[in-house]
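A.B. asks: I have a structure I would like to understand better, so I am pasting it below and will then ask my questions one at a time.
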Amino acid sequence: MIIKEIFTKKNRLLLKAMVSTDFKLRYQQSVLGYVWSVLKPLMLFAIMYVVFIRFLKFGADVPHFAVALLLGIIMWNFFNETTTGGMMSIVGHGDLLRKIYFQKHIVVIASSMSALINFGFNFIVVILFCMLNGVMPSPSWLLIIPILIEEYLLALGVAFFLAAVYVNLRDLNPIWEVVMQAGFYGTPIIYPISMISSRAGVWGPLFAKLDLALNPMAQIVQDARHVMISTANPTIWEWVKFPYALWPVVFSLLIFFGGFHYFTVKSKHFAELV
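In my numbering, the protein residues as written are 3 to 276.
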């Protein structure tokens, strides 16, 4: 069984070495080093806070929307970093693939775990920012765990698929950058989901429901805001009826297993192509 082979002792050691090396090389020869893993999303947050919250007054009717904005940014950055890094991971380890045999899935998983470490640092900042803004820890915060698991599986599934395609199609990188940019603005991160409903005319409520039902990241961000910050951030269950409300989770799982299977089939020829 492939999953069992991936996590043999040999592959676990290789995974650990890859994660450590990738994380160290990422900020090598940088003056601030690992601090950049936290500074980059904070700088992006500062710009968006000034433009969208202070000047354009987005989220004025949503409690602690500044905190919601920061949480949305770091969750999107994790998805972006996992998928983009995973996409280029196989090609980036071409020499290793040609020299030794191992389960190629390890390369993509290592890239995703490096992104997960970055996310961990940023999530600590979010928790501190929550408390500074009067959002205190509560038992509902534990519900963030299944939400993060869903996001990780979604991102990893996309990364597996992109990594397999990128081996043959190097033009995929700029294409994916555009997709990520469009996805960022199509996901309620810099604006509350209620804004779609209220400002898109008679079709607004429908657009909001479709965004939550068809965009797993919209559901993930909204649910995370709901359990961590304020119930004023509606979950998909408040907008979409059962069983359609389950679609984003089902879609995330389909993406994961589909991406994993596609990668497994294509991985047999990676060493020849990279």
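Glycine is no exception: its CB is placed at the ideal position from the N, C-alpha and C atoms.
Quick check on ARG172: does DSSP put it in helix, strand or coil?
C.D. replies: In this structure, ARG172 counts as coil in the three-state DSSP scheme.
A.B. asks: Does DSSP classify ASP63 as helix, strand or coil?
C.D. replies: Coil, per DSSP.
A.B. asks: Please list, in chain order, all residues of the same chain as HIS107 whose beta carbon is under 6 angstroms from its beta carbon, the five residues on each side excluded.
C.D. replies: Excluding sequence neighbours, HIS107 sits near ILE8.
A.B. asks: Just tell me which of GLY88, MET77 and MET133 has its CA closest to the CA of SER116.
C.D. replies: For SER116, the nearest C-alpha among the options comes from GLY88.
A.B. asks: Am I right that GLU153 and ILE222 are in contact with their C-beta atoms under 8 angstroms? What's the rounded C-beta distance?
C.D. replies: Their Cβ separation, rounded to whole angstroms, is 5 angstroms, which keeps GLU153 and ILE222 in contact under 8 angstroms.
A.B. asks: Tell me, please, whether the segment 187-200 touches the segment 59-73 by the rule of three or more beta-carbon pairs shorter than 8 angstroms.
C.D. replies: Counting Cβ pairs under 8 angstroms, three or more are found: they touch.
A.B. asks: Within this structure, are the beta carbons of THR189 and MET230 separated by less than 7 angstroms?
C.D. replies: Contact flag unset, no.
A.B. asks: Rounded to a whole number of angstroms, what is the C-alpha to C-alpha distance between THR237 and ILE102?
C.D. replies: Straight-line Cα distance between these residues: approximately 47 angstroms.
A.B. asks: In the DSSP assignment, find the unbroken alpha helix (DSSP H) run with TYR264 in it and report its ends.
C.D. replies: It spans 249-268 - the alpha helix (DSSP H) in which TYR264 sits, taken as one unbroken run.
A.B. asks: Since GLY159 contacts GLY260 with CB under 8 angstroms, what's their CB separation in whole angstroms?
C.D. replies: GLY159 to GLY260, Cβ: 7 angstroms. Contact.
A.B. asks: Spatial neighbours of ILE119 within its chain, please: CB distance less than 7 angstroms, with the 5 preceding and 5 following residues excluded, ordered by chain position.
C.D. replies: For ILE119, where only same-chain residues beyond five positions count, the Cβ hits under 7 angstroms are PHE25.
A.B. asks: Mind checking whether LEU216 and TRP241 have CB atoms under 7 angstroms apart?
C.D. replies: Not in contact: LEU216 and TRP241 (Cβ atoms no closer than 7 angstroms).
A.B. asks: Mapping the DSSP letters down to three states, classify ILE177 as helix, strand or coil.
C.D. replies: If DSSP states are grouped into helix, strand and coil, ILE177 belongs with the helices.
A.B. asks: What does the alpha-carbon distance come out to for the pair PHE162 and SER269?
C.D. replies: Approximately 10 angstroms between the Cα atoms of the pair.
A.B. asks: Answer yes or no: do VAL169 and ILE92 have a C-beta to C-beta separation smaller than 7 angstroms?
C.D. replies: Contact flag set, yes.
A.B. asks: Going by C-alpha to C-alpha distance, which of SER114, ILE111 and ARG100 sits closest to GLU274?
C.D. replies: Of the candidates SER114, ILE111 and ARG100, the one whose C-alpha sits nearest the C-alpha of GLU274 is ARG100.
A.B. asks: Measure how close the beta-carbons of ALA112 and PHE265 come, nearest whole angstrom, since I'm counting them as under 8 angstroms.
C.D. replies: That belief does not hold up - the Cβ atoms of ALA112 and PHE265 are roughly 14 angstroms apart, past 8 angstroms.
A.B. asks: Provide the residue span of the alpha helix (DSSP H) that contains SER39, from first to last.
C.D. replies: First-last of the alpha helix (DSSP H) with SER39: 38-50.
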